[in-house]
Amino acid sequence: KKGEKMNIRNFMYKICLLFLPFLLASPAWAEDDSIKIKEVVVSATKIEEPVEETTSDVVVIKGEDIKEMNVEFVPDVLKNIPELNLIQNGGAGKQATVILRGGSSNHTMVMIDGVKVKSTTTGSFDFSGINVDDIERIEIIKGPQSTLYGSEAMAGVINIITKKGKGKPKIEASFEGGSFGTYKPSVTVSGGDKKYDYRLTGSYFYTDGISAAKQGIERDGYKNASLSGKLGFRPTEKLELEISGKYYYDRSELDAFGVDDLNYVQHGNHYMLSGKGKLYLFNTWEQILTVSTIKDSLKYRDPDTSYNNSDIITGMDTIDWQHNLYFSERYILTAGAEYRDEKGENKGVFDKVVDNKALYLNNKLKFLNDDLIINAGLRYDDHETFGSETTYRIGGIYNIKPAAIKIKGSYGTGFRAPTLNELFYQDSWGSSGNLNLKPEKSNSWEIGVEKDIVKDVASLSITYFDQNYKDLIDWVETPPASWQYTPQNIAKAEVKGIEAGASLKIIEGLTLKSSYTNLDTENKETGKRLPRRPKDKFNMTVEYVKGDAAILAGYTFVGEAYDDAANSEKKKLASYSLINLSSSYKLTKNIKLFGRIDNLLDEDYETAKDYSTPGFSAFAGIKVEI
Numbered sequence: 005k006k007g008e009k010m011n012i013r014n015f016m017y018k019i020c021l022l023f024l025p026f027l028l029a030s031p032a033w034a035e036d037d038s039i040k041i042k043e044v045v046v047s048a049t050k051i052e053e054p055v056e057e058t059t060s061d062v063v064v065i066k067g068e069d070i071k072e073m074n075v076e077f078v079p080d081v082l083k084n085i086p087e088l089n090l091i092q093n094g095g096a097g098k099q100a101t102v103i104l105r106g107g108s109s110n111h112t113m114v115m116i117d118g119v120k121v122k123s124t125t126t127g128s129f130d131f132s133g134i135n136v137d138d139i140e141r142i143e144i145i146k147g148p149q150s151t152l153y154g155s156e157a158m159a160g161v162i163n164i165i166t167k168k169g170k171g172k173p174k175i176e177a178s179f180e181g182g183s184f185g186t187y188k189p190s191v192t193v194s195g196g197d198k199k200y201d202y203r204l205t206g207s208y209f210y211t212d213g214i215s216a217a218k219q220g221i222e223r224d225g226y227k228n229a230s231l232s233g234k235l236g237f238r239p240t241e242k243l244e245l246e247i248s249g250k251y252y253y254d255r256s257e258l259d260a261f262g263v264d265d266l267n268y269v270q271h272g273n274h275y276m277l278s279g280k281g282k283l284y285l286f287n288t289w290e291q292i293l294t295v296s297t298i299k300d301s302l303k304y305r306d307p308d309t310s311y312n313n314s315d316i317i318t319g320m321d322t323i324d325w326q327h328n329l330y331f332s333e334r335y336i337l338t339a340g341a342e343y344r345d346e347k348g349e350n351k352g353v354f355d356k357v358v359d360n361k362a363l364y365l366n367n368k369l370k371f372l373n374d375d376l377i378i379n380a381g382l383r384y385d386d387h388e389t390f391g392s393e394t395t396y397r398i399g400g401i402y403n404i405k406p407a408a409i410k411i412k413g414s415y416g417t418g419f420r421a422p423t424l425n426e427l428f429y430q431d432s433w434g435s436s437g438n439l440n441l442k443p444e445k446s447n448s449w450e451i452g453v454e455k456d457i458v459k460d461v462a463s464l465s466i467t468y469f470d471q472n473y474k475d476l477i478d479w480v481e482t483p484p485a486s487w488q489y490t491p492q493n494i495a496k497a498e499v500k501g502i503e504a505g506a507s508l509k510i511i512e513g514l515t516l517k518s519s520y521t522n523l524d525t526e527n528k529e530t531g532k533r534l535p536r537r538p539k540d541k542f543n544m545t546v547e548y549v550k551g552d553a554a555i556l557a558g559y560t561f562v563g564e565a566y567d568d569a570a571n572s573e574k575k576k577l578a579s580y581s582l583i584n585l586s587s588s589y590k591l592t593k594n595i596k597l598f599g600r601i602d603n604l605l606d607e608d609y610e611t612a613k614d615y616s617t618p619g620f621s622a623f624a625g626i627k628v629e630i
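As numbered in the working numbering, residues 5 to 630 make up the sequence shown, in order.
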């Protein structure tokens, strides 16, 4: 009983901490009467819509906010989001995956410009090599989204949207360097008008790094050479064409089993290419045809061992034909068909291709002078190995305008198809995949309230969610040998929690934002907490912009978690706090200086057991535009 009281007390303390700035702030707030451009998202319903009309909980990380952080890679952006838990096996360039709302890393669909990207062998996506140079915004759609996106979207969707060129032709060049022998040059050429746009960026990143192993002393370096581009063409008012692509090569020195491994290296070649056409046959009918291909080629080499050597090639080809029918201002119908080929080769182990065909349908309706919005969808998937699966979702928003309160809720189902590893993997010790696996399934509901205290000045939000999983796939020991494993549909789990957020413009140019997630996870078979899911995560940022100067200070607290399913004390990940600072100053119209300090207090922490994380580090650079 005493323990329960302490947990409740701690929870209430954190909620009070979240809202404390609003209690202390001066009541003499003045509403900002300037015209505001509505923030638009595309990932929630596959059509452009204002954030306030989405029936899913959405987090949008704007390009301007990413720019103020002065970071190099996407994991440095995502690690501060309370709804996410970032797990990285070492410093820069080491494998980085995310857990969204307590789901596993392969329960989140990751996209770049709407193109699905993942490893077809593991089912998850490694964010470590994705730099931030071209990012317009990152949209995080929480809760099951299989209705529109199919397999892997059980816990949500992360869509990384890149920039388009605009305005007169220009060249941007930057250089930065800092701790751990790190440096990065980057060049961008861009421009555009009503008829066309283009943007091409090249960058190179190098660092001596830190030891990936917690107890190691040898530095594990990383380098990344990246080229990305986007080209748009609008020959008529009713036709838009766009081609985008990305390639990067990286080389990462690794450690295994928590100790130094002097010669263990991963080489990666990563490709993504997509073409998109938008055709407006009538004012009410929009067609979008997207064709894309991705490929990752990974080589692991370790001359000192026989087991750290492999060649893995994964790829995915997708065709999506989407139709948006704007019957009226109050009713939009989205329907489409998708075909996807997933390829995976682990040389000497398996070389397989599986396909998936899908039909999807989504309805958006507005009632009561747009105060009530209903969103409902249905999807049918036909997978080559396990058969068919139907998912659905319904969500709603009700605006109580006189009180500036919005009530939001939804219910949905999701699924995840078995990965190629789970189906076909086989090793010399006797472990093997299982062709009889069923898809993992989930159902989830959530309800939330958003309140504008003063429009465009102060706001609060809180959401409760509950998600249940069944037929989860675990690799199970197969007697009589203790080293032989086979995947089976045996596990059940429940994830529930509370997410709260607050935003306050204290004075012109000074903004405070805070958010908090309390997560309760349980393996229904064992009663244990799910691994790598901290109960508490809290973030607070203070941003000050005045004239040519900008300063950003961020504080993040991550509660304790376990690194294993048994919740053993020796595998416990201790709680930690991080303080990061960044700033920039515009010397002239075309020259900007920037810098940042990570882990100001030199906190010693882990996101994965026995893997290192960087201590205090400092970086600075210059950006020139001509």
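The C-beta atom is built at its ideal place from N, Cα and C for all residues, glycine as well.
No experiment lies behind these values; they were computed from the predicted model shown.
Using only alpha-carbon positions, find the residue among the options that is nearest to residue i.
i	options	result
Gly185	Lys198, Lys172, Ile214	Ile214
Thr530	Pro538, Asn571, Gly558	Asn571
Gly391	Asn328, Gly416, Ala421	Ala421
Tyr330	Ile292, Thr545, Phe286	Phe286
Ile298	Gly348, Ser314, Arg305	Gly348
Asn447	Thr395, Leu523, Arg383	Thr395
Lys227	Tyr187, Ala216, Asp201, Gly220	Tyr187
Thr58	Ile502, Lys66, Ser47	Ser47
Tyr415	Glu43, Ser60, Ala341, Phe131	Ser60
Leu277	Val119, Asp567, Leu597, Ser109	Val119
Ser232	Arg223, Trp433, Gly262, His274	His274
Thr521	Ser507, Asn527, Phe598, Glu503	Glu503
Thr592	Leu582, Asp567, Ile626, Asp300	Ile626
Quick one: residues in its chain with C-beta nearer than 8 Å to the C-beta of residue i, no 5 flanking neighbours on either side, listed in chain order?
i	result
Ala553	Ser587, Ser588, Tyr589, Lys590
Ile39	Bear in mind that a pLDDT of 40 at Ile39, under 50, signals an unreliable position, so the number given afterwards is only what the model happens to contain. Excluding residues within five positions, none has a Cβ falling inside 8 Å.
Glu35	Bear in mind that the predicted position of Glu35 carries a pLDDT of just 38, short of 50, making it too unreliable to give a figure here.
Arg238	Lys198, Lys199, Tyr200, Glu244, Leu245
Spatial neighbours of residue i within its chain, please: C-beta separation below 6 Å, excluding the five flanking residues on both sides.
i	result
Trp33	Unreliable positioning characterises Trp33 in this predicted model, as indicated by a pLDDT of 36, which lies under 50. The coordinate reading is nonetheless provided below. Answer for Trp33: Val458, Val461, listed in chain order.
Phe620	Asn603, Asp606
Ser190	Asp137, Ser178, Ser207
Lys9	At Lys9 the pLDDT is 42, less than 50, meaning the model places this residue with poor confidence; the figure from the coordinates comes in the next sentence. Closer than 6 Å at the Cβ level, and outside the excluded window around Lys9, lies no residue.
Ile378	Leu369, Gly400
Ala557	Val546, Leu585
Ile144	Val63, Ile162
Ala622	Gly182, Ser183, Ile601
Met73	Ser586
Gly196	Gly169, Lys170
Asn440	none
Val549	Gly513
Thr617	Tyr609
Can you tell me where the alpha helix (DSSP H) holding residue i begins and where it ends?
i	result
Met73	67-73
Ser435	Where Ser435 is concerned, there is no enclosing alpha helix (DSSP H), given that its DSSP letter is neither H nor E.
Tyr153	150-153
Identify every residue that forms a DSSP beta bridge with residue i.
i	result
Ala505	In the sequence as presented, Ala is not what sits at residue 505; that position holds Gly. Beta-bridge pairing links Gly505 to Ser465, Ser519.
Lys500	Asp470, Asp524
Phe354	Asn350
Pro189	Phe179
Val81	Bridge partners of Val81: none, in fact.
Gly551	Paired residue(s): none; Gly551 is not in a bridge.
Pro491	Trp479
Asn93	Answer by DSSP bridge pairing: none, since Asn93 is not bridged.
Which residues in the same chain as residue i place their Cβ atom closer than 7 Å to its Cβ, once the five residues preceding and following it in sequence are excluded?
i	result
Thr482	Gln488, Tyr489, Thr490
Lys83	Leu90
Between which two residues does the beta strand (DSSP E) containing residue i stretch?
i	result
Leu424	Run containing Leu424: none in the beta strand (DSSP E); it sits in the alpha helix (DSSP H), 424-428.
Ser587	580-590
Met113	112-116
Pro406	Here Pro406 belongs to no beta strand (DSSP E), and DSSP marks it neither H nor E.
Lys146	139-146
Tyr210	200-211
Phe286	269-286
Tyr615	From DSSP, Tyr615 is part of no beta strand (DSSP E); its letter is neither H nor E.
Gly233	226-240
Return no unless some Cβ of chain D is closer than 8 Å to the Cβ of residue i.
i	result
Ser296	Protein chains in the displayed structure number just one, and chain D is not present.
Touch test, the segment 49-69 against the segment 491-502, Cβ-Cβ under 8 Å, three pairs minimum:
no
Would the segment 568-584 and the segment 607-626 be scored as touching if the rule is three or more Cβ pairs under 8 Å?
yes
If contact is defined by three or more beta carbon pairs under 8 Å, each pair taking one atom from either stretch, is the segment 308-325 in contact with the segment 349-357?
yes
Specify whether the segment 395-405 and the segment 95-109 touch according to this definition: at least 3 beta carbon pairs, one from each stretch, less than 8 Å apart.
no
The segment 147-157 in contact with the segment 109-127 per 3-pair CB rule at 8 Å:
yes
Tell me, please, whether the segment 123-130 touches the segment 331-338 by the rule of three or more beta-carbon pairs shorter than 8 Å.
no
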